[in-house]
Amino acid sequence: GEDVEQSLFLSVREGDSSVINCTYTDSSSTYLYWYKQEPGAGLQLLTYIFSNMDMKQDQRLTVLLNKKDKHLSLRIADTQTGDSAIYFCAESIRAGGFKTIFGAGTRLFVKA
Amino acid sequence: NAGVTQTPKFQVLKTGQSMTLQCAQDMNHEYMSWYRQDPGMGLRLIHYSVGAGITDQGEVPNGYNVSRSTTEDFPLRLLSAAPSQTSVYFCASSPGTVGSKETQYFGPGTRLLVL
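Written out as structure tokens, the structure is:
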């Protein structure tokens, strides 16, 4: 079946790097995404990676994809208090059309 | 562009009442979806639409109806509200299924409490 799993919480100190991990089960994924949700708001796309890529870097964000192990990670360099939010991993799969599977979200706490 | 808008932001219903959650997008996106977000469960797909006049069920469709008479609007109807439908509801739209067009744009959410 299709499943995306993430740890529920991560706590880091301001200025440190944060690494949020995600595993997925469906090998037919085309794109994998990281979304950010701030309190009381909807989900906002942070970054995405095509399934045939290993790494993507976008300013403070680095996405690593290990397709063999079905493991995706998001590294946030120099984490700031404004990065405190819930981060959702998601995969887009070919299942008779349009389907995106979301993880339960990782809540990132940044301590000053 | 306003993006994806949802109304209302908050709603309290009594068990058995019906209501419609509104969703509109002004980006001319073909694909629109409704999700519910419950603690510790991520987002679960309720219904989705691949274009005007076409809708299909998602993972948790029971108790909800949708219609897509225009490209812009995708309302979600609760037929007879139950406490199990207490949740945060998100509407999303997407340009299509090819390449980065699979990216979804989310509305701000509707918080629903069913007593």
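Residue numbers (this note's numbering), protein chains in the order written: chain A, 189 to 300; chain B, 11 to 125. All residues carry an ideal CB built from backbone N, CA and C; glycine is no exception. Remember, predicted model here, so these are calculated numbers, not experimental data.
field: Alpha carbon of A:Asn209 to alpha carbon of B:Leu55, nearest angstrom
entry: Counting from one through the first sequence, the residue named residue 209 of chain A turns up at place 21. Counting from one through the second sequence, the residue named residue 55 of chain B turns up at place 45. For A:Asn209 and B:Leu55, the distance between alpha carbons rounds to 23 Å.
- request: With a cut-off of 8 Å on the beta carbons, I'd call A:Val207 and A:Ser261 a contact; round off their distance for me.
  value: One-based indexing of the first sequence puts residue 207 of chain A at position 19. One-based indexing of the first sequence puts residue 261 of chain A at position 73. Right, the Cβ-Cβ distance comes to about 6 Å (below 8 Å), so this counts as a contact.
query: Within the chosen definition, does the stretch 232-240 of chain A reach the stretch 23-42 of chain B through at least 3 CB pairs nearer than 8 Å?
result: Segments in contact, no.
query: Under 9 Å between C-beta atoms, does A:Thr288 make it to chain B?
result: In the first sequence, counting from the first residue as 1, residue 288 of chain A sits at position 100. Taking Cβ atoms only, chain B reaches closer than 9 Å to A:Thr288, which makes this a yes.
query: Of the residues A:Gln225, A:Lys256, A:Thr213, which one's Cα is nearest the Cα of A:Ser280?
result: Counting from one through the first sequence, the residue named residue 280 of chain A turns up at place 92. It is A:Thr213.
query: Residues in its own chain within less than 6 Å of A:Ser218 by CB, not counting five upstream and five downstream?
result: Translated into the one-based positions of the first sequence, residue 218 of chain A becomes position 30. Residue identity check: residue 218 of chain A is Thr in the sequence provided, not Ser. So the qualifying residues of the chain are Ser239, Ser280.
Cα-Cα separation, B:Tyr115 to B:Ser103: One-based indexing of the second sequence puts residue 115 of chain B at position 105. One-based indexing of the second sequence puts residue 103 of chain B at position 93. Computed Cα separation, rounded: 5 Å.
message: the ligand HEM and A:Pro227: does the residue's C-beta get closer than 8 Å to at least one heavy atom of that ligand?
response: Within the structure as shown, the ligand HEM is missing, as the structure has no ligands at all.
message: I'd like to check one pair, B:Tyr45 with B:Pro105: are the Cβ atoms closer than 9 Å?
response: What you label residue 105 of chain B is simply residue 95 of the second sequence in a count that begins at 1. What you label residue 45 of chain B is simply residue 35 of the second sequence in a count that begins at 1. Against a cut-off of 9 Å, the Cβ pair of B:Tyr45 and B:Pro105 comes out as no contact.
- request: Go ahead and label B:Val108 buried or exposed: buried means 16 or more other beta carbons lie within 10 angstroms of its beta carbon, across all protein chains shown.
  value: Along the second sequence, one-based indexing puts residue 108 of chain B at 98. The pLDDT assigned to B:Val108 is 49, lower than 50, so where the model puts this residue is not dependable; a value taken from the coordinates is nonetheless given after this. Exposed is the call here.
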